[in-house]
């Protein structure tokens, strides 16, 4: 398990984050889940887009560049979208609905991923 922190403020934004490192975890992600709490997340390195096909709940999606700086934040992305992506993104972090509202982020904000 990992946590995501705002590098500038030191504030912990989510503390139940999984790294999607393996093929199976990258493929399945949150698909089996009927609900996801705002403090839960999935971190996809080497990724610039995701889909929500088959999801049963909305997601808040944060796109980051190679330096872990926010490129874009998509709030409350509904299920069944074929493509959700951002140019110049290298990392996609998915969180439960309400994450973006509880943790206002701006392009350029830097996030860190730390082991719990």
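In the numbering used here, the protein residues as written are 29 to 144.
For each residue, glycine too, the CB sits at the ideal point set by N, CA and C.
Beyond the five residues adjoining it in sequence on each side, residue 139 comes within less than 6 angstroms, by CB distance, of 32 and 96 in the same chain, given in chain order.
According to the DSSP secondary-structure assignment, residue 42 is paired through a beta bridge with 32. Along the stretch 82–137, the alpha helix (DSSP H) occurs as fully enclosed runs of 4 or more residues at 127–130, listed in sequence order.
Each of 131, 118 and 109 was checked against the Cα of residue 59, and the nearest Cα belongs to 109.
Using a Cβ-Cβ distance cut-off of 8 angstroms, the stretch 130–137 and the stretch 71–82 are not in contact, since fewer than three pairs of beta carbons, one from each stretch, lie closer than that value. The residue among 47, 54, 66 and 57 with its C-alpha nearest the C-alpha of residue 40 is 66.
Counting only the Cα atoms, residue 89 lies some 8 angstroms from residue 100. It is roughly 6 angstroms from the alpha-carbon of residue 128 to the alpha-carbon of residue 103. Residue state for residue 144 is assigned as coil, using DSSP reduced to three classes.
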